[in-house]
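K.L.:
Here the sequence shown stands for residues -6 to 346, numbered as in the working numbering. Think of the CB as a built atom: it goes at the ideal place given N, C-alpha and C, for glycine as much as any other residue. Here you go, one structure.
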Amino acid sequence: MKISELGEFGLIERIASFLPAARSNVVVGIGDDVAVLQVRHGNYLLATCDIQVENVHFLAGKITPYQLGRKIVAINVSDIAAMGGSPDWALVSLALPKHQQVDFVDDLYRGMQEQIDAAGADIVGGNISEVPKDVVVDFFLLGNVAPQHLIRRNGAKQGDLIMVTGTLGDSRAGLELVRVQHLLVSDNARRQASQRHLTPWPRLLEGQVLGRCGNVHAMADVSDGLLGDLGHICGASGVGAEIWAEDIPVGNACLEVAAASGKDGQEWAMTGGEDYELLFAAAPHAVQEIAAMLLNETGTSSRVIGRVVSAKDGIRVLLADGRDATRNFQRSGWDHFTANARDAQDLLTQNEP
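Shown next, in the form of structure tokens:
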């Protein structure tokens, strides 16, 4: 069997099958974006890592080293945020070709340091290795969360309402602008979409507010796409979901860039990924209070976009008139070894039409 037949998540399950049962101090182990560890009495230790590989996640000519540094930190902080936690310490592993300019490393670390400062954490070490050509940046982040504030993916309950922070689709619009730079869009849309794609901002304070509120039952960040990450929550919780298409908060930049491209902005919002908003299931009686808390304490908007249903109903997208539009959207999330990843890779690397 080839890895492409197994897929990213199948491969993770296979790796997990070779590992012994976790010790009692492992609260959340392999399979989630963040490991949760009981190291002593008090807060849990959070541990996560993410990687950026040249010509897989980024093209050297389309993102500056400074932007790359900010992004690799932001996507790791976003994972900590989705647990309701706080980041503390980071380690960086770099694989660099020997012909790489030293200025690249200077600017990469300038971006990483700026973003890690904003998160209240420190880079404390790492490793460097030589590779033949493509740059690899592997970032490891440790954090903490009080046990009573920890939010996992597996707590969604039938009847919960599904909420999301901010707007969706702008990062996918930014990817389109990377690929087709001559698109006729406003300066504001170009700036907003490019920033959301190249230098995303993690919802760290928002995650901490949601962790403290006590009425959020499951949460994930929107990295693999709204429907993909909703699938992760539903799979872990043993539930289904219905999403109300007209309530999806599609970003204005997404709509403008999609229109200029002849594409569907709502589909980008559903499946594009890398928005790094927070997607969560909450107790129905608390949604207005939660939205008010987020707005008052962080300035970030949020809205209800669906509800949790029985697992037998699966995940459905419903139009305002009740029609099922699920087939109009690609439901599977990002998977490095299957067709959707290859399609995304083609989109990243192909020349302008």
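Just checking my contact of Gly162 with Trp261 at CB under 8 Å: how many whole Å lie between their CB atoms?
P.N.:
Yes, they are in contact, since the Cβ atoms of Gly162 and Trp261 sit about 4 Å apart, within 8 Å.
K.L.:
Tell me the rounded alpha-carbon separation between Pro58 and Gly207.
P.N.:
C-alpha separation (whole angstroms): 39 Å.
K.L.:
My output table needs one value for Glu(-2): the three-state DSSP class, helix, strand or coil.
P.N.:
The answer is helix: DSSP assigns Glu(-2) an H, G or I state.
K.L.:
Just to confirm before moving on: does the CB-CB distance between Asp214 and Leu135 stay below 8 Å?
P.N.:
No; because the gap between Cβ atoms is not below 8 Å, this pair is not in contact.
K.L.:
Report back the beta-carbon spacing between Thr158 and Thr293 to the nearest angstrom; my notes put them in contact at under 8 Å.
P.N.:
Contact flag correct, Cβ pair sits at about 5 Å.
K.L.:
Taking contact to mean 3 or more Cβ pairs, one atom from each stretch, closer than 8 Å, check whether the stretch 110 to 125 and the stretch 49 to 57 are in contact.
P.N.:
With a cut-off of 8 Å, the stretch 49 to 57 and the stretch 110 to 125 do not count as touching, because too few Cβ pairs lie within range.
K.L.:
With H, G and I counted as helix, E and B as strand and the rest as coil, what does DSSP make of Gln94?
P.N.:
Three-state DSSP puts Gln94 in coil, outside helix and strand.
K.L.:
For Arg189, which option in Leu61, Thr41, Glu(-2) and Arg33 has the closest C-alpha, if you only look at C-alpha atoms?
P.N.:
With distances taken between Cα atoms, Arg189 lies closest to Leu61.
K.L.:
To the nearest angstrom, how far is the alpha carbon of Ala318 from that of Leu312?
P.N.:
Rounded to the nearest angstrom, the two C-alpha atoms are 6 Å apart.
K.L.:
Any idea which residues DSSP pairs Ala67 with across the strands?
P.N.:
DSSP output for Ala67 lists no bridge partner at all.
K.L.:
Quick check on the DSSP output: the beta strand (DSSP E) that includes Asn120 runs from which residue to which?
P.N.:
Here the beta strand (DSSP E) through Asn120 covers Asp115 to Glu123.
K.L.:
For a test of the three-state rule: what should DSSP assign to Val209, helix, strand or coil?
P.N.:
Residue state, collapsed to three classes: strand.
K.L.:
Using only CA atoms, which one of Thr291, Ser179 and Leu223 lies nearest to Gly394?
P.N.:
Limits of the chain in this structure are -6 at one end and 346 at the other, which puts residue 394 out of reach.
K.L.:
Closer than 8 Å is the cut-off here; do at least three beta carbon pairs connect the stretch 303 to 312 with the stretch 233 to 252?
P.N.:
Counting Cβ pairs under 8 Å, three or more are found: they touch.
K.L.:
Taking contact to mean at least 3 C-beta pairs separated by less than 8 Å, is the stretch 215 to 234 in contact with the stretch 125 to 132?
P.N.:
Contact between the stretch 215 to 234 and the stretch 125 to 132 is absent, because fewer than three Cβ pairs lie under 8 Å.
K.L.:
So the beta strand (DSSP E) Gly136 belongs to, where does it begin and stop?
P.N.:
Run containing Gly136: Val129 to Val138, per the beta strand (DSSP E) assignment.
K.L.:
Start and end of the alpha helix (DSSP H) containing Thr291?
P.N.:
That run of the alpha helix (DSSP H) goes Val280 to Thr291.
K.L.:
Answer with buried or exposed for Gly104, where buried requires no fewer than 16 other C-beta atoms within 10 angstroms of its C-beta.
P.N.:
Per the 10 Å Cβ criterion, buried.
K.L.:
Decide if Met212 is buried, meaning its Cβ has at least 16 other Cβ atoms within 10 Å, or exposed.
P.N.:
With 16 or more other Cβ atoms within 10 Å, it is buried.
K.L.:
In whole angstroms, what separates the C-alpha of Val66 from that of Gln108?
P.N.:
Distance between the alpha carbons of Val66 and Gln108 is about 6 Å.
K.L.:
Between Ala229 and the rest of its own chain, which residues show a CB-CB distance below 7 Å, the 5 nearest in sequence each way excluded?
P.N.:
Closer than 7 Å at the Cβ level, and outside the excluded window around Ala229, lie Arg146 and Asn147.
K.L.:
Taking C-beta to C-beta, are Val232 and Ser179 nearer than 8 Å?
P.N.:
Not a contact, by the Cβ cut-off of 8 Å.
K.L.:
Restricting to Cα atoms, I'd like to know which of Leu101, Asn120 and Val70 is closest to Ala88.
P.N.:
Answer by Cα proximity: Asn120.
K.L.:
So, at 7 Å on beta carbons, what are the nonlocal neighbours of Ser86 in its own chain, with the 5 sequence-adjacent residues on each side left out?
P.N.:
Correct list, in chain order: Gly119, Asn120 and Asp131.
K.L.:
Quick check on Asn245: does DSSP put it in helix, strand or coil?
P.N.:
DSSP places Asn245 in helix when its eight states are reduced to three.
K.L.:
Can you round the beta-carbon distance between Val138 and Met76 to whole angstroms, since I take them to be within the 8 Å contact cut?
P.N.:
The pair is a contact, with the Cβ atoms about 6 Å apart (cut-off 8 Å).
K.L.:
Would you check if the distance between the CB atom of Leu198 and the CB atom of Val250 is smaller than 8 Å?
P.N.:
Contact flag unset, no.
K.L.:
Excluding the 5 residues flanking Asp100 on each side, which residues of the same chain have their C-beta closer than 6 Å to its C-beta?
P.N.:
Cβ neighbours of Asp100 beyond the five flanking positions: Pro58 and Tyr59.
K.L.:
How is Thr57 classed by DSSP in three states: helix, strand or coil?
P.N.:
Note: Thr57 maps to coil in three-state DSSP.
K.L.:
Do Tyr37 and Pro140 have their C-beta atoms closer together than 8 Å?
P.N.:
Yes, the pair counts as a contact, with Cβ atoms nearer than the cut-off.
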